[in-house]
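Each step along the sequence shown adds one to the number in the UniProt record's numbering, with nothing skipped, and position 244 is 244. All residues carry an ideal CB built from backbone N, CA and C; glycine is no exception. Report on the structure given below.
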Amino acid sequence: MRPLANKLPSSIPLRPRQPCRQVRPQKRYNTQSTPEPPPNKRPHEPPQSQSQSQPQNPSFSSSPPHPQPSGTVASSAGASPAPLRARSLREVIYAGPLGRLGRAYARIQERRPYATQLCSSVVIYLCGDLSAQMLFPSEVVRKEGEGEGEIVEGGGYDPWRTMRHLTVGVGSSIPSYNWFMFLHNNFNFPSKFLSILTKVCVQQAVFTPVFNTYFFSVQSLLSGASFEDTYERLKKALPVSVTNSVKLWPAVTAFSFMYVPPQFRNVFSGIIAVGWQTYLSWLNQKAAREVEVAEMTAASASASVAVAA
1 MRPLANKLPS
11 SIPLRPRQPC
21 RQVRPQKRYN
31 TQSTPEPPPN
41 KRPHEPPQSQ
51 SQSQPQNPSF
61 SSSPPHPQPS
71 GTVASSAGAS
81 PAPLRARSLR
91 EVIYAGPLGR
101 LGRAYARIQE
111 RRPYATQLCS
121 SVVIYLCGDL
131 SAQMLFPSEV
141 VRKEGEGEGE
151 IVEGGGYDPW
161 RTMRHLTVGV
171 GSSIPSYNWF
181 MFLHNNFNFP
191 SKFLSILTKV
201 CVQQAVFTPV
211 FNTYFFSVQS
221 LLSGASFEDT
231 YERLKKALPV
241 SVTNSVKLWP
251 AVTAFSFMYV
261 PPQFRNVFSG
271 IIAVGWQTYL
281 SWLNQKAARE
291 VEVAEMTAAS
301 ASASVAVAA
């Protein structure tokens with residue numbers, strides 16, 4: 001019997017038989033973790049450790065992708081956990097009653113800024129004038145006979161003086177608020193130091209002389225003085241107030257713009273202004289007293305000249 005190959009046509013080539021081999025898909029392992037052996041096979045040798053399989057490269061990081069917190073590592077090593085961070089003074093104030101009061105004030109000011117400023121000015125100027133009258137009582141100038149004027153202390157509380165002071169405060173409340181908002185929105189340079197320095201200089205050169213002139217002029221006119229007496233009072237009180245304001249308000253303004261948030265700057269300035277209004281009220285009374293003494297002295301001198309003639 002002839003083989004089957006002889007019956008096939010000669011044009012079909014014969015291929016040699018190859019053994020059948022099952023090709024398994026290649027599994028890709030992570031180089032940073034320990035390679036796992038193939039399933040259903042047990043390795044004869046234990047796998048090498050991670051430190052031996054990795055190359056000795058100093059730039060290669062052997063730490064896991066998600067490091068454990070320091071407190072867990074310290075507790076696992078037997079060390080005590082790290083202490084909690086102490087809160088700063090600003091955080092303590094913000095979480096306390098004063099901080100809650102300031103946040104409530106800021107919310108009210110956002111809804112009604114002008115009404116809030118008016119009420120704040122009334123409180124500030126009222127406290128300033130009351131403290132000034134308690135610390136520096138009014139002095140009464142009276143004339144005894146034909147002699148010179150004599151100053152008598154202990155005039156007591158003057159409610160009309162408080163009303164004049166409140167009128168000045170209410171009249172300057174809204175313009176002062178708009179001025180401080182103007183400073184907050186302008187003169188902002190890339191350098192924080194330059195911005196604060198410019199705002200302090202503009203404040204002292206523009207706002208302080210204008211406000212002090214308004215304060216002493218309105219106080220004098222409301223008390224019934226004439227324009228000549230008002231001018232004399234300005235000449236005595238204005239230079240002293242502007243000179244002394246340089247000793248206080250530049251530092252207050254710089255501190256306010258550096259550390260106080262914008263919604264609390266009016267409150268901070270108002271607290272400082274209570275003492276400043278006390279000083280201005282005392283200075284206004286002192287200037288008025290000096291003008292009155294000068295007028296009485298001049299009247300007495302003219303009367304003496306008339307009698308001698």
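Residue i in three-state terms, based on DSSP
i	result
G224	coil
G156	coil
F187	coil
R87	coil
R112	coil
V246	coil
V260	coil
G275	helix
F193	helix
F136	coil
G169	helix
G270	helix
G96	coil
Beta-carbon gap between residue i and residue j smaller than 8 Å
i	j	result
Q117	S173	yes
S223	L280	no
I108	A273	no
W282	F136	yes
G128	T253	no
F180	R265	yes
S245	G169	no
T213	L183	no
K199	F187	yes
Y105	Q133	no
Closest by C-alpha distance to residue i, when choosing among the options
i	options	result
R161	Y114, L126 and P239	L126
residue 348	N284, I93 and V122	This structure cannot speak to residue 348, because the chain is shown only from 1 to 309.
Y177	A132, R112 and R85	R112
A288	L194, V200 and E228	E228
A251	E292, A106, C201 and T297	C201
M258	L234, L221 and I196	I196
E290	T243, V210 and K236	K236
L166	K199, F215 and F255	F215
residue 310	R87, L130, Y94 and A86	Since the first and last residues shown for the chain are 1 and 309, residue 310 lies out of range.
E292	F189, F268 and R233	R233
L98	F268, A294, T297 and E295	F268
L130	Y114, W249 and R164	R164
E295	I271, S226 and F255	S226
T243	F255, Q204, S256 and S217	Q204
P175	L248, V210 and G96	V210
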